[in-house]
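Taking it in order: structure first as structure tokens, then the write-up.
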Amino acid sequence: SFVIVEETAVAKGIRRISAVTRDSAAAALAEGAKLEAKVAEAETLSDDTPDLDKTAGAMRKELDETFMSAPLKASLRARLEAIQKKAMAAKKAALAGSDTK
Numbered sequence: 002s003f004v005i006v007e008e009t010a011v012a013k014g015i016r017r018i019s020a021v022t023r024d025s026a027a028a029a030l031a032e033g034a035k036l037e038a039k040v041a042e043a044e045t046l047s048d049d050t051p052d053l054d055k056t057a058g059a060m061r062k063e064l065d066e067t068f069m070s071a072p073l074k075a076s077l078r079a080r081l082e083a084i085q086k087k088a089m090a091a092k093k094a095a096l097a098g099s100d101t102k
């Protein structure tokens, strides 16, 4: 196995990658799969789930701390942002609905 775990900019137009192989790569893939399952579960929650934005924020912190594939990490980060936006929109709609009463 081979997994890219980090990509950084060194200079304009120059990128550096860090990668792992064998057992470390397998561990990174396994951790990524676990977190991807958690994100998929969070995506199935309804907009009005209490503390959905806090749950997504906690998952984002866990994502940042997890040793996993860089492309998967970027994909999961985008999915978590969508969950947070959905939760914030639901909160705003609920507040707007309570203001009109």
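Numbering (the working numbering), first residue to last: 2 to 102.
Note that the Cβ used here is the ideal one computed from N, Cα and C, for glycine as well.
Cβ pair residue i, residue j closer than 9 Å
{"i": "residue 88", "j": "residue 48", "result": "yes"}
{"i": "residue 84", "j": "residue 53", "result": "yes"}
{"i": "residue 2", "j": "residue 43", "result": "no"}
{"i": "residue 70", "j": "residue 6", "result": "yes"}
{"i": "residue 46", "j": "residue 56", "result": "yes"}
Integer-rounded CB distance, given that residue j should sit under 8 Å from residue i
{"i": "residue 81", "j": "residue 21", "result": "In fact, because the Cβ distance is near 24 Å, the residues do not count as touching under 8 Å."}
{"i": "residue 68", "j": "residue 29", "result": "6 Å"}
Stretch pair the segment 72-85 + the segment 30-38: three plus CB contacts closer than 8 Å: Output reads yes: the segment 30-38 touches the segment 72-85.
Sequence ranges, alpha helix (DSSP H) only - wholly within the segment 14-90, length at least 4: 23-44, 53-66
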